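Comments concern the structure below.
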Amino acid sequence: MSQEALSAASLAELARELAAKRISSLELTRGVLERLDALNPALNAFVTVDPERALAEARAADARIAAGAGGPLTGIPVAHKDVLMTAGLRTTCGSRMLADFVAPYSAFVVERLAQAGMVLVGKTNLDEFAMGSSSETSHFGPVKNPWDLACVPGGSSGGSAAAVAARIIPAATGTDTGGSIRQPAALTGVCGLKPTYGLCSRYGLVAFASSLDHPGPFARSAWDCALLLNAMAAHDARDSTSILREPEDYTRLLAEARGARPLSGVRIGLPREYFGEGVDVEVAAAIDAAVAELRRLGAATVELELPAVKHSVPVYYVIAPAEASSNLSRFDGVRYGHRAASYADLTDMYRKTRAEGFGAEVKRRILVGTYVLSHGYYDAYYLKAQQVRRLIAEEFARGFERCDVVLGPVAPTAAFKLGAKVDDPVQMYLNDIFTIAANLTGVPALSVPCGFTRAGLPIGLHLQAQHFAEARLLDVAHRYQQATDWHTRMPALPGCRAP
Amino acid sequence: MKWEVVIGLETHAQLSTASKIFSGAPTAFGAAPNTQASAVDIALPGVLPVLNMGAVERAIRFGLAVGGTINQRSVFARKNYFYPDLPKGYQISQYEIPVVQGGAVRIVSPTRGEVDVRLTRAHLEEDAGKSLHEGLGIANRELSGIDLNRAGTPLLEIVSEPDMRSPDEAVTYVRTLHTLVKRIAICDGNMQEGSFRFDANVSVRPAGESKLGTRCEIKNLNSFRFLHQAIEFEVRRQIELIEDGGTIVQETRLYDAERNETRSMRRKEDAQDYRYFPDPDLPPLVIDPAWIDRVRAALPELPEAVRQRYVGCGLSPADAASISASDTMSSVFEGALGAGANARTAANWVRGEFAAALNRQEGDEPEPRVTGEQLGRLIRRIDEGSISNKIAKEVFDAMWAGEAKGPNAADAIIEKRGLKQISDAAAIEKIVDEVIVANAATVAEYRAGKEKAFNALVGKVMAATQGKANPAQVNAILKKKLAG
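For the protein sequence lines, the chains are P and L, in the order given. Just so you know, we're using the numbering used here here: the first sequence kicks off at 1 and counts up by one. Just so you know, we're using the numbering used here here: the second sequence kicks off at 1001 and counts up by one.
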């Protein structure tokens, strides 16, 4: 395979090449590092790269493959969002607060992918502490969208999305608290899965909002996401919210031979709220076309109403900052991370350390969170938000009695220009209007490329299913990808073909 | 005016689990700083708490022992505040729904007799670390150190209702609680190591008034003596302030043991807003009723039941309360009963000679050197009349000194030292005759009506027999001879 073909290959194809010894992990990793060197200055998708470590891991993977002990992911390069702890490799959270922080341990999902034999190439850029929808608030500068360097890649996992979209790396991890995997996946034209809450352990994920944080995979296809999920999903005794359940092969359903109408019997719910005002016409048209395609593949459609969903954004912007304000208290300059150089006393040390260590958006959320938890406001904000959260969950549960998959757009628009929304937090927050409900309810949700705007920017299709119905979700996406080629299109970067 | 004192207590009992409440790090006391703190305890980014079920089991045990309700669903909450020895910036505690609600501890008050001190609740929480301020300065710069070994140590906070009416009652309550937590093996009760400490809420009101006065909370008292002194001081301070026309301000105060006074720490209006909310990292704690049943079945006999059993054996309320409150004393007492000793005599011995000997031993937890069985057999010799009480004390001291071993140590010592009581009337008569002859002057005084002279003569007879003569027989024979 040519270097160009390799960078466009799926995980399954790479595994075949590696197993047949037509290529080594070392060669593959070198190719990734070269492409990273060439493209990262423009994209700023990576915060930290460790070539020596990557090459050493690649050699170890080659030895494992040679010994016949390789698995489906062995030897394949991966990058981790920089909120996931990697032992010995710094984890910054895109913040000055942790700019030099090296953890002594790895996150559960990092460990699992390492055990599967994946080669860790580096850490990807993001919104500071995963708070944002544009990957512009990082201490290490904004990430650019590979489809248009003047546009944002979405966020907060923008670095992972951009790296996969630019074909630097075939797979990456992300975290999704309000859409932080799915929205950047949509804005960069890749696949991103937010699994069911509790399916992938949060151990080693630097907490933003504990009840909403989910680690998950980025790849170019549903099949690749299934392969990654096979490795990432497992019970972890170190996370009390991790669910104990039988392991599942998420590629099994996808591998079934089904003929011309593979989605017969699948009911797709179309909530009225996802198709109304506020959705860009080009986005709406792409979603309509995707619905038509799914019908052709045998799926039936069902009209749904999810009236409580419109409260998702306000509910989220009470609960997420509340949890964040508490989770980020540990960054106090006492034990690790940034500490102000000079201070008068303890309180002054706290003040200066946190004033210097955190960026504006993080501070905004800490302030909001502190406010909504304060004495006298707790009932009106936090408690009320939790009640509405329950209503939304009940509404989704009722919806899933009538359908298997809920469909809509991931984001109301395609990628927007860098700087366009940084001064208007509410406009920025509204970008997550369709993704947040899945975080509030914990249901699995997936972003799949489904078209382009006239300006050549990708559009994402949002699919949600019942708790633990990842296999169903991935199957619908896979059948769609078998019939379409949106996910194979590549941005016009050096070494990429134009779409 | 006559004042009534009202006291409620919050007691922190450190639970005796081997590992911490939310991490696997050990809880052992006294290790080098920060050597018993895991990634979870120092709150590295990304770590998560996992509840130690051993701590929950101990909380259940406590709840059952005080007759409280074990909530089948309780919730852990975050108490948010910044402090250097609080690594996460919040303490995980239980707020709205604690694991144990209600229940009571029966105490024997020195003034009011049996009183049930009602409990509001008992909840699980983690301890903080320690700030160290001494000996860390370098080149004239003052430095503080943080030791996180204690961070995450499991605590059961036991909150009482304001049911105590004097410093003595407060101390009786914490002593009763101390005995209880040790008996049910949930806490080692070691006060030097801080395993058992209190906050006292103290207020005063005119006698007969039903409305509670404004209270002050005295924080972090770590001995029974300090608790007593702090409350005494605080009561005096409040009464004097009110009598001087002042008003009590609700506040938190600290007790300074060196100066024996309490000092204001912070006023109510300065109280921190802890922004409690349910910890999203920990699902609600759900306790299976079958688990509660298993814990109930394994409970030992509780100190209160023991106390009532002792009262049933004929012990005075004071003896029953005192002996049942001590593991050591009740075990020796029961050993003595088992060896056939009379219960009341045994109680006198346990609270008297035995307790005194134990107190003379060195160390925090002195080991008794006489077993219940040894004591019981000694007491039987008294009951039978083969030795006098006075001789028995000599035998007891010899046993304590280790002069003989085994269950029959008392007999061996009596034998070896020739202490068996002389009850042979002929032998006693002979000695009495000798004493009468040798003390003619005293005999004359007696016969002249000086009753006291009789006792002197008894003393002479006893001295002549090294105390071994049966005192009752000596009395009778002497009286007969003097009359004759």
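For glycine and all other residues, C-beta sits at the position ideal for the given N, C-alpha and C. The structure presented is a predicted model; accordingly, all values stated were derived computationally and were not measured.
Using the beta-carbon count (16 or more within 10 Å), is residue i buried or exposed?
i, result
"Ile-395 (chain P)", "For the record, residue 395 (chain P) in the displayed sequence is Glu; it is not Ile. Its Cβ being crowded by 16 or more others within 10 Å, Glu-395 (chain P) is buried."
"Asp-345 (chain P)", "exposed"
"Asp-1256 (chain L)", "exposed"
"Asn-1359 (chain L)", "exposed"
"His-967 (chain L)", "The structure shown does not extend to residue 967 (chain L), since chain L is modelled only from 1001 through 1484, so no value can be given for it."
"Tyr-1081 (chain L)", "exposed"
"Asn-40 (chain P)", "buried"
"Gly-189 (chain P)", "buried"
"Met-1053 (chain L)", "exposed"
"Arg-497 (chain P)", "Summary for Arg-497 (chain P): the model assigns pLDDT 46, below 50, so the residue's position carries little reliability, and this model does not support an answer."
"Gly-408 (chain P)", "buried"
"Lys-1450 (chain L)", "exposed"
"Asp-127 (chain P)", "buried"
"Arg-1294 (chain L)", "exposed"
"Glu-1126 (chain L)", "buried"
"Ser-180 (chain P)", "buried"
Do we get a CB-CB distance below 8 Å when we pair residue i with the residues of chain P?
i, result
"Leu-1044 (chain L)", "yes"
"Asn-1080 (chain L)", "yes"
"Ile-1146 (chain L)", "yes"
"Lys-1088 (chain L)", "yes"
"Pro-1084 (chain L)", "yes"
"Asp-1273 (chain L)", "yes"
Is residue i close to chain L, meaning its C-beta is less than 8 Å from at least one C-beta of that chain?
i, result
"Val-315 (chain P)", "no"
"Ala-126 (chain P)", "The amino acid occupying residue 126 (chain P) in the given sequence is Leu; Ala does not appear at that position. No - not a single Cβ of chain L is within 8 Å of the one on Leu-126 (chain P)."
"Ser-180 (chain P)", "no"
"Leu-373 (chain P)", "yes"
"Glu-111 (chain P)", "no"
"Glu-524 (chain P)", "This structure gives no information on residue 524 (chain P), because the portion of chain P shown stretches from 1 to 499."
"Met-131 (chain P)", "no"
"Arg-497 (chain P)", "For Arg-497 (chain P), the pLDDT reaches just 46, beneath the cut-off of 50, and the residue's location in the model is therefore unreliable, although a value from the coordinates is still provided. Not closer than 8 Å to any Cβ of chain L, the Cβ of Arg-497 (chain P) fails to qualify, so no."
"Ser-312 (chain P)", "no"
"Thr-196 (chain P)", "no"
"Met-85 (chain P)", "yes"
"Ala-320 (chain P)", "no"
Would residue i and residue j qualify as a contact pair, given that the criterion is a beta-carbon distance under 8 Å?
i, j, result
"Gln-1094 (chain L)", "Leu-1124 (chain L)", "yes"
"Ser-10 (chain P)", "Asp-224 (chain P)", "yes"
"Ile-1097 (chain L)", "Ser-1074 (chain L)", "yes"
"Ile-1186 (chain L)", "Leu-1015 (chain L)", "yes"
"Ser-135 (chain P)", "Ser-106 (chain P)", "no"
"Lys-1182 (chain L)", "Asp-1199 (chain L)", "no"
"Leu-254 (chain P)", "Ala-234 (chain P)", "no"
"Ile-1060 (chain L)", "Ile-1413 (chain L)", "no"
"Val-291 (chain P)", "Pro-412 (chain P)", "no"
(request) State whether the region 1427–1444 of chain L contacts the region 1455–1473 of chain L, with contact taken as three or more CB pairs (one from each stretch) at a distance under 8 Å. (result) In this structure the region 1427–1444 of chain L lies against the region 1455–1473 of chain L, because at least three pairs of beta carbons, one per stretch, are closer than 8 Å.
(request) Mind the definition here: the region 366–381 of chain P touches the region 410–423 of chain P only if three or more C-beta pairs lie below 8 Å; say whether that holds. (result) No, they do not touch.
(request) Below 8 Å between beta carbons is the criterion; list the residues of the region 236–252 of chain P that meet it against any residue of chain L, in chain order. (result) Those residues of the region 236–252 of chain P that come within reach of chain L (Cβ to Cβ, closer than 8 Å) are Ala-237, Arg-238, Asp-239, Ser-240, Thr-241.
(request) Say whether the region 1007–1018 of chain L touches the region 1165–1184 of chain L, bearing in mind that this needs 3 or more beta-carbon pairs closer than 8 Å, one atom from each stretch. (result) These segments touch.
(message) So if I threshold CB-CB distances at 9 Å, which residues from the region 1275–1289 of chain L count as touching chain P?
(response) In summary, the residues of the region 1275–1289 of chain L whose CB is separated from some CB of chain P by less than 9 Å are Arg-1275, Tyr-1276, Phe-1277, Pro-1278, Asp-1279, Pro-1280, Asp-1281, Leu-1282, Pro-1283, in the order they occur in the chain.
(message) Three Cβ pairs or more, each shorter than 8 Å: is that satisfied between the region 1085–1105 of chain L and the region 343–359 of chain P?
(response) Segment contact: the region 1085–1105 of chain L against the region 343–359 of chain P, fewer than three CB-CB distances shorter than 8 Å; contact not assigned.
(request) Decide yes or no for the touch test of the region 67–86 of chain P against the region 167–183 of chain P: beta carbon pairs closer than 8 Å, at least 3 of them. (result) Yes: the two stretches touch, three or more of their Cβ pairs being nearer than 8 Å.
(message) Any C-beta of chain P within less than 8 Å: which residues of the region 1021–1039 of chain L qualify?
(response) So the list reads Ala-1039, given in the order they occur along the chain.
(message) Closer than 8 Å between beta carbons: that is the criterion. Which residues of the region 1048–1074 of chain L meet it against chain P?
(response) Here the close residues are Leu-1048, Pro-1049, Val-1050, Leu-1051.
(message) Three or more C-beta pairs under 8 Å: does that hold for the region 442–449 of chain P against the region 466–486 of chain P?
(response) Counting C-beta pairs closer than 8 Å gives three or more between the region 442–449 of chain P and the region 466–486 of chain P, which meets the contact rule.
(request) Using a Cβ-Cβ cut-off of less than 9 Å, give me the residues of the region 396–426 of chain P that come near chain L, in sequence order. (result) Cβ contacts with chain L come from no residue of the region 396–426 of chain P.
(request) Evaluate contact between the region 117–132 of chain P and the region 148–164 of chain P, counting only Cβ atoms and requiring at least three cross-stretch pairs below 8 Å. (result) Below 8 Å, enough C-beta pairs join the region 117–132 of chain P and the region 148–164 of chain P to call them touching: three or more.
(message) Any C-beta of chain L within less than 9 Å: which residues of the region 330–344 of chain P qualify?
(response) Listed in chain order, the positions of the region 330–344 of chain P with a beta carbon within less than 9 Å of a beta carbon of chain L are Arg-330, Phe-331, Asp-332, Val-334, Arg-335, Tyr-336, Gly-337.
(message) I want to know whether the region 101–117 of chain P touches the region 203–210 of chain P - three or more CB-CB distances under 8 Å.
(response) Cβ pair count under 8 Å is three or more, so yes.
(request) Would you check if the region 137–152 of chain P and the region 42–58 of chain P touch, i.e. whether three or more CB-CB distances between them fall below 8 Å? (result) Taking a cut-off of 8 Å for Cβ pairs, the region 42–58 of chain P and the region 137–152 of chain P touch, as three or more such pairs fall below it.
(message) Within 8 Å, do at least three Cβ pairs link the region 54–66 of chain P to the region 26–43 of chain P?
(response) Look at the beta carbons and you see the region 26–43 of chain P touching the region 54–66 of chain P: at least three pairs across the two are nearer than 8 Å.
(request) Could you list the residues in the region 198–210 of chain P with a C-beta less than 9 Å from some C-beta on chain L, going in chain order? (result) Taking 9 Å as the Cβ-Cβ cut-off against chain L, the residues of the region 198–210 of chain P that qualify are Ser-201, Arg-202, Tyr-203, Gly-204, Leu-205, Val-206, Ala-207, Ala-209, Ser-210.
(message) Quick test of the definition: if touching needs 3 or more C-beta pairs under 8 Å, does the region 288–306 of chain P touch the region 263–279 of chain P?
(response) At 8 Å Cβ cutoff, the stretches touch.
(message) Output needed in chain order: residues of the region 90–112 of chain P with a Cβ under 9 Å from some Cβ in chain L.
(response) Listed by position along the chain: Thr-91, Cys-93, Leu-98, Phe-101, Ala-103, Pro-104, Tyr-105, Ala-107.
(request) Inspect the CB distances between the region 1235–1254 of chain L and the region 1207–1217 of chain L and report whether three or more fall short of 8 Å. (result) Cβ pair count under 8 Å is three or more, so yes.
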